[in-house]
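Trainee:
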Amino acid sequence: MTKFLSQLTCSRDNTINLTIRVVAAYRSIVDFVLPALAGCLNRVKTPTVITNMQYWAQVFNALSAPATRLVDLLLGFDLRLGGGSAPDDDPVLPSNIFGGVATSLHSVQLHNIRLPGGSVPAFKTVEHAFLGSDEHDNPFKLQSWLNVFPAGHSFDFQSHSFIMDPRRRT
338 MTKFLSQLTC
348 SRDNTINLTI
358 RVVAAYRSIV
368 DFVLPALAGC
378 LNRVKTPTVI
388 TNMQYWAQVF
398 NALSAPATRL
408 VDLLLGFDLR
418 LGGGSAPDDD
428 PVLPSNIFGG
438 VATSLHSVQL
448 HNIRLPGGSV
458 PAFKTVEHAF
468 LGSDEHDNPF
478 KLQSWLNVFP
488 AGHSFDFQSH
498 SFIMDPRRRT
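Numbered by the working numbering, the letters in the sequence shown go through residues 338 to 507 in order.
#1: Specify, as a first and last residue, the run of the beta strand (DSSP E) that PHE467 falls within.
#2: Can you look up SER422 in the DSSP assignment and give me helix, strand or coil?
#3: Measuring straight from C-alpha to C-alpha, what distance separates GLN395 and HIS490?
#4: Measure from the alpha carbon of ALA546 to the alpha carbon of each residue in THR385, PRO431, MET390, then state which is nearest.
#5: Closest by CA to TYR392, which one among LYS461, LEU412, ASP493?
#6: Starting from VAL386 and walking both ways along the beta strand (DSSP E), at which residues does that stretch end?
#7: Give the straight-line distance between the Cα atoms of HIS443 and ASP409, rounded to the nearest whole angstrom.
#8: Does the Cβ of PRO384 have 16 or more other Cβ atoms within 10 Å, making it buried, or fewer, making it exposed?
#9: For ASP493, I'd like the list of residues in its chain whose CB is within less than 6 Å of its CB, leaving aside the five on either flank, ordered along the chain.
#10: How far does the alpha helix (DSSP H) with PHE494 in it reach, from first residue to last?
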């Protein structure tokens, strides 16, 4: 852990790439790594953050500051990773993620995260978006995608099944 923090400190103002994958229910790791991520978010270019579903609130909290150098984002919650209980539904992406500022963001991959009904200002420059879900009952709402990714021209959806009309469940 000390090495991780020293590498972040030594990089000073340099742009960094960062991969965080917490594959077990170690609250102490999450409590250590996510504040470090929050502290250097304005320097991160291509973060990959994958953790247990139970930590979704802490992850979203760590991603609340502007991220002006952010280009590609991979963010997901894994239901297969042990520990704690998962919510009834996938968590909803906060509309104020990155404080609404991610001016260089080009590509977003989200796994087990639902989109909000309205806009997400930080995603206004995203051209390529991917949504994956382990849910078997995940309604597909095209209007939500168009609201969240207004500059999008490449969308990829992956799930066990998508319901085109959420009123009709078959």
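Glycine is no exception: its CB is placed at the ideal position from the N, C-alpha and C atoms.
Mentor: Short version:
#1: 465–470
#2: Because the pLDDT at SER422 is just 48, under 50, the model does not fix this residue reliably, and the value given afterwards should be weighed accordingly. If DSSP states are grouped into helix, strand and coil, SER422 belongs with coil.
#3: 31 Å
#4: The structure shown does not extend to residue 546, since the chain is modelled only from 338 to 507, so the question has no answer here.
#5: LEU412
#6: 381–389
#7: 6 Å
#8: buried
#9: PHE467
#10: Segment 491–496 is the beta strand (DSSP E) holding PHE494; no alpha helix (DSSP H) there.
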